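>
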Amino acid sequence: MALYQGENQKMTGSANSTNRFISGAENLQKIADRIVRNDDLCKLLTRYNQNVLDDKTPVTNAERKELLTSRIKTVPVLEKEQEIGAYIIVSIGTVTSLGTTGLNYNITFDILCNSDIWSLNGYIPRPYYIMNEIDSMFHDTKMKGIGPMTFMGAAPIKINEKMFGYTMLFNVGDI
Numbered sequence: 001m002a003l004y005q006g007e008n009q010k011m012t013g014s015a016n017s018t019n020r021f022i023s024g025a026e027n028l029q030k031i032a033d034r035i036v037r038n039d040d041l042c043k044l045l046t047r048y049n050q051n052v053l054d055d056k057t058p059v060t061n062a063e064r065k066e067l068l069t070s071r072i073k074t075v076p077v078l079e080k081e082q083e084i085g086a087y088i089i090v091s092i093g094t095v096t097s098l099g100t101t102g103l104n105y106n107i108t109f110d111i112l113c114n115s116d117i118w119s120l121n122g123y124i125p126r127p128y129y130i131m132n133e134i135d136s137m138f139h140d141t142k143m144k145g146i147g148p149m150t151f152m153g154a155a156p157i158k159i160n161e162k163m164f165g166y167t168m169l170f171n172v173g174d175i
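The opening position of the sequence shown corresponds to residue 1 in my numbering, with each subsequent residue numbered one higher.
1) Do Arg71 and Leu98 count as a contact pair if the criterion is CB distance below 9 Å?
2) Buried or exposed for Met152, please, with buried defined as at least 16 other CB atoms from any protein chain shown within 10 angstroms of its CB.
3) Are the beta-carbon atoms belonging to Val95 and Arg64 less than 9 Å from one another?
4) Report all residues from its chain with a CB closer than 8 Å to the CB of Lys162; omit the five preceding and five following residues, and keep chain order.
5) So, for Leu112: in the same chain, excluding its five sequence neighbours on each side, which residues have a beta-carbon less than 6 Å away from its beta-carbon?
6) Could you check the C-alpha separation between Ile130 and Thr57 for me, to the nearest Å?
7) Check this for me: beta carbons of Ile76 and Asp110, under 9 Å apart or not?
8) With 16 as the cutoff for other CB atoms within 10 Å, does Asn27 come out buried or exposed?
9) Quick one: measure Cβ to Cβ for Ile89 and Phe170, integer angstroms, because I've assumed they're closer than 8 Å.
10) Among the residues of its own chain, which have a CB less than 8 Å from the CB of Ile134, if the five just before and after it don't count?
11) Taking its Cβ as the centre, do 16 or more other Cβ atoms sit within 10 Å of Lys73, making it buried, or is it exposed?
12) Taking 9 Å as the cut-off, decide whether the C-beta atoms of Asn104 and Asp54 are in contact.
13) Which of helix, strand or coil does DSSP assign to Asp110?
14) How many Å lie between Asn61 and Thr150 at the Cα?
15) Need the endpoints of the alpha helix (DSSP H) that Ser136 sits in, please.
16) Inspect the beta-carbon positions of Ala25 and Ile124 and report whether they are closer than 9 Å.
17) Where does the unbroken beta strand (DSSP E) through Gly150 begin, and where does it stop?
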């Protein structure tokens with residue numbers, strides 16, 4: 001028999017699920033923090049020469065700040081004047097219920113690069129390096145209240161004639 005709380009008439013088992021969406025959203029900040037700590041991703045997103053990964057110059061605090069203020073976004077909007085460079089847009093996608101207390105949801109990473117900086121040495125596109133770093137950082141890892149994140153796939157996206165990239169999809173569950 002289900003037990004209900006007197007004030008809100010909710011089952012007592014669901015009392016611990018009141019912050020399910022907030023816990024999921026807090027993971028967006030954790031993801032951004034992890035990306036900023038990755039030196040190779042910092043270089044790929046802020047330095048636009050073709051041999052960026054061979055560059056041994058340490059990542060500066062200014063470059064890390066640029067990532068947080070303009071290169072990593074949690075709002076899926078890219079202003080027209082920002083179409084120069086490389087970006088990662090992180091968002092929570094489809095959310096489904098796992099019963100009375102849990103949630104299952106998708107996290108998407110949109111990796112966008114201007115065609116002028118697309119190619120790196122060796123003909124491997126910049127987005128592939130970025131996707132490789134994201135995959136190695138997040139596939140089979142746990143975050144607050146969830147885990148593990150599982151890579152589900154990637155698909156090409158085209159924003160306009162200059163901005164292209166890929167959408168990566170990770171599934172996470174049980175918040």
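Heads up, the beta-carbon is just placed ideally off N, CA and C, and yes, glycines get one too.
Since the structure is predicted, the reported quantities are computational estimates derived from the model, not experimental observations.
In short, the structure shows the following:
1) Residue 98 sits at position 98 when you count from the first residue of the sequence shown. Residue 71 sits at position 71 when you count from the first residue of the sequence shown. Annotated as distal: Leu98 and Arg71, with beta-carbon spacing of 9 Å or more.
2) Position 152 of the sequence shown, counted from the first residue, corresponds to residue 152. The residue in question, Met152, is exposed, as its Cβ has fewer than 16 Cβ neighbours within 10 Å.
3) Looking up residue 95 in the sequence shown gives position 95. Looking up residue 64 in the sequence shown gives position 64. No, these two residues do not count as a Cβ contact at 9 Å.
4) Mapped onto the sequence shown, residue 162 falls at position 162. Here the set comprises Glu83, Asn114, Ser115, Asp116.
5) One-based indexing of the sequence shown puts residue 112 at position 112. Only Tyr87, Met163, Gly165 meet the Cβ criterion.
6) As a position in the sequence shown, residue 130 is number 130, starting the count at 1. As a position in the sequence shown, residue 57 is number 57, starting the count at 1. Taking the straight line from one Cα to the other gives about 19 Å.
7) As a position in the sequence shown, residue 76 is number 76, starting the count at 1. As a position in the sequence shown, residue 110 is number 110, starting the count at 1. For the sequence presented, residue 76 should be read as Pro rather than Ile. Yes.
8) Locating residue 27 in the sequence shown gives position 27, counting from the first residue. Answer is buried; the Cβ neighbour count reaches 16.
9) If you number the sequence shown from 1, residue 89 lands on position 89. If you number the sequence shown from 1, residue 170 lands on position 170. No, Ile89 and Phe170 are not in contact; Cβ-Cβ is about 14 Å, not under 8 Å.
10) As a working mapping, residue 134 is identified with position 134 in the sequence shown. Residues of the same chain with a CB within less than 8 Å of the CB of Ile134, apart from the 5 flanking positions on each side, are Ile35, Leu41, Ile88, Phe109, Ile111, Met168 in chain order.
11) Locating residue 73 in the sequence shown gives position 73, where the first residue counts as 1. With 16 or more Cβ atoms within 10 Å of its Cβ, Lys73 is classed as buried.
12) As a working note, residue 104 is residue 104 in the sequence shown. As a working note, residue 54 is residue 54 in the sequence shown. A distance of 9 Å or more separates the beta carbons of Asn104 and Asp54.
13) Counting from one through the sequence shown, the residue named residue 110 turns up at place 110. Residue state, collapsed to three classes: strand.
14) By 1-based counting over the sequence shown, the position of residue 61 is 61. By 1-based counting over the sequence shown, the position of residue 150 is 150. It is roughly 31 Å from the alpha-carbon of Asn61 to the alpha-carbon of Thr150.
15) By 1-based counting over the sequence shown, the position of residue 136 is 136. For Ser136, the enclosing alpha helix (DSSP H) begins and ends at 126-138.
16) Residue 25 sits at position 25 when you count from the first residue of the sequence shown. Residue 124 sits at position 124 when you count from the first residue of the sequence shown. No, the pair does not count as a contact, with Cβ atoms beyond the cut-off.
17) By one-based count along the sequence shown, residue 150 stands at place 150. According to the sequence shown, residue 150 is Thr rather than Gly. Its beta strand (DSSP E) spans residues 150-158.
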